[in-house]
Amino acid sequence: MAGNPFSRRRVARRSLAALAAGLCVTLTAPVVAMAQVWVPAWLASPMPWRNEAAANGAPPLLTDVTLRQDMLMATAATAVRVRFSNELGETPLVIGRAEAGLKGGAAQPLRFDGAVRVVIPPGGFALSDPLAVAVPAYAELTVSAYLPEETRPAVRLGPVRIAAGDAAPADDAPLLRGQGVVSAVLAERPTAPAAVIVAIGDSITEGGSTTLGAHRAWPHQLGRRLEAACPGAFVVVNAGIGGNMVASDGRSPSLVSRLERDVLAMPGVTHVVLMAGLNDVRQKGPARDRPGAGVDEVATGYRQAAQALQSRHIKVVGGVLTPILASPVAEPVIPGPTTDDKRRSLNALIRHGDIFDGVIDFETALDDPARPGRIRPGAHREDGYHPNDEGHRLMAEAVDPAVFAPSPCSVSRP
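Under the UniProt record's numbering, the first residue of the sequence shown is numbered 1, with each subsequent residue one higher.
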C-alpha cells in the first residue's frame with residue numbers, strides 16, 4: 001500500500017492472522033520471552049449499510065454521536081485488540097476516539113499506532129493497538145466509538161447504544177438494534193485452546209430472533225456450556241448474518257465469498273460449523289413467486305466452502321437445516337420442488353454427502369415429534385421459522401463436543 005496515508009495506522013485489507021503474528025510479552029527473566037496466543041473472542045461480520053431502521057432500531061445514519069457495542073467475550077484475555085470495519089462501507093469511517101473496558105467498569109482509550117483518531121477508507125479496517133485488560137471468559141467487553149462525521153455503519157445488525165456527542169452511552173441507555181462498527185475483538189491468551197470454532201451461516205446462527213442483548217444465540221449458549229465444563233479449552237464465536245446465502249450475494253456477500261475475511265483471516269481457527277442454505281432455496285420475492293436456487297447450486301457452494309477451509313487445515317462441521325413447515329416460507333406458490341423438499345434434499349447431502357468432517361443434527365433438536373417438519377412448540381418465534389431463546393438452547397445442547405476435538409476434560413451431553 002505504498003503511498004497510502006492510512007497504511008501507517010493498520011488500515012488495510014490485510015490478514016488479522018498476519019497482524020497478530022509475532023506479538024510477545026517480555027518476562028522479568030533476562031532474554032526470556034514467551035509468545036502469546038491471539039484468538040478471536042468475538043465476531044460480527046461486515047454487512048453493507050442499509051438505509052433503514054429495524055424494529056426497535058438505531059437510525060441508519062449517525063453524526064456527532066458515540067456508538068457503544070457490548071461484546072460477550074468467548075475466552076478469558078490478558079489483552080485485547082479491537083477491529084473496526086469499513087470493508088463494506090460507502091464513505092470514510094472517521095473515529096474521533098474509542099475506548100474499551102469491562103461492562104460496569106472503567107474504560108481505557110484505544111489507540112491506533114499510538115494515535116487516538118483514525119480514518120478508515122471504504123474497503124478498509126483498523127486494528128487497535130493491544131490494550132492490557134484482564135477479561136474473564138463470558139464477561140461483557142464494552143467498546144464505545146465517537147463518530148464526529150456522518151457515518152454509515154457497515155457491520156451486521158446487533159445490540160447498540162447511542163449517545164449524542166463525545167460521551168459514551170451509560171449502561172441504562174436504551175438498547176437498540178442497529179449496525180455497528182466493530183467486527184472483531186482479538187484476545188491474548190497464554191496458551192492455545194483445544195479448538196477455536198467459528199459458527200457461520202444465516203439468521204439462525206446470528207440469533208437475531210433471540211432476546212436483544214442477552215447473547216442467547218446457539219453459538220453463545222454452546223460456548224458457555226463448554227466453558228463451564230472445560231474452562232479455557234474451547235472458543236466459540238459467531239459469524240452469522242441474517243439473510244445470508246451460501247452461493248449467491250444478497251443483502252450480504254455470499255458465505256463462500258466471505259470465508260477469507262470472516263474465517264481464514266482470523267488467527268487460530270481450527271473448526272467451522274456451517275449451517276446455511278434455506279435462504280438460497282426458498283421461493284423469492286414478496287409474493288414468493290420466483291424460484292429459489294436448486295439443490296445442486298447450494299451443494300456446489302458447500303463443496304467450495306469445505307474445500308477452501310480444509311485446504312487450510314480447518315475442520316468443517318455441517319449443520320443439518322432446521323424445520324420450516326410451520327412457516328409461510330414453506331408454502332408453495334409456484335410449481336416445482338417446494339422449499340421443504342429442497343431442505344430435505346440438502347439435509348440428506350449434509351448427513352451423507354461426504355462433504356463435511358462432522359455433522360450436528362440441529363433438525364432433530366428442534367423437530368416436533370407430534371408434527372414432524374415443524375419446530376416444536378415453545379421453541380420458535382411467531383413466524384414458525386426462527387428459533388427463539390429456547391430453540392437456540394436446544395440447538396446448543398445438540399452439539400457433541402467430540403465433533404471438535406478430544407476434550408481435555410469431560411463435557412456431558414444433556
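Just so it is clear, CB atoms sit at the ideal spot from N, CA and C, and this is done for glycine as well.
Query: Range covered by the alpha helix (DSSP H) that runs through L346; Result: 339-352
Query: CA nearest to the CA of D361, picked from A370, R371, I355, I350; Result: I350
Query: Residues near I334 in its chain [Cβ-Cβ closer than 8 Å; skip 5 each side]; Result: Q283, R288, D289, R290, P291
Query: Straight-line gap, G165 to T66 (C-alpha atoms, nearest Å); Result: 6 Å
Query: Chain-order list of residues whose beta-carbon lies under 6 Å from that of R374 (same chain, five-residue window excluded); Result: P323, L325, A326, D368
Query: Bridge partner(s) assigned by DSSP for S85; Result: F125
Query: Rounded straight-line distance, which links the Cα of R161 to that of A58; Result: 8 Å
Query: Beta strand (DSSP E) segment containing S144, residue limits; Result: 140-147
Query: G277 and V298 closer than 8 Å at C-beta; Result: yes
Query: Any 3 or more C-beta pairs closer than 8 Å across the stretch 307-314 and the stretch 327-346; Result: no
Query: Neighbour-count burial assignment, Q179, 16 or more Cβ in a 10 Å radius; Result: buried
Query: Residue nearest to V237 in terms of C-alpha spacing, selected from A74, P372, A98, L394; Result: A74
Query: C-beta contact flag for L346 and A305 at 8 Å; Result: no
Query: Per-residue burial, R240 [other beta carbons within 10 Å of its own, 16 or more giving buried]; Result: Before going on, a small fix: residue 240 reads as Gly here, not Arg. Flag for G240 reads buried.
Query: Residue(s) in a DSSP beta bridge with K284; Result: R290
Query: Nearest-angstrom Cα separation, counted from L222 out to S89; Result: Residue 89 is actually Gly in this sequence, not Ser. Their Cα atoms are separated by approximately 32 Å.
Query: Contacts around G201, its chain only, beta-carbon distance under 6 Å, and the 5 residues preceding and following it disregarded; Result: G240, M275, A276
Query: For V119 and P92, believed in contact at Cβ under 8 Å, the rounded distance; Result: 5 Å
Query: Selection from A293, P130, G124, I95 that minimises the alpha carbon distance to G101; Result: P130
Query: Alpha carbon of F404 to alpha carbon of G353, nearest angstrom; Result: 19 Å
Query: CB-CB length for L141 against S128, believed under 8 Å; Result: Their Cβ separation, rounded to whole angstroms, is 12 Å, which puts L141 and S128 out of contact at 8 Å.
Query: Alpha-carbon spacing of E188 relative to T211, whole angstroms; Result: 29 Å
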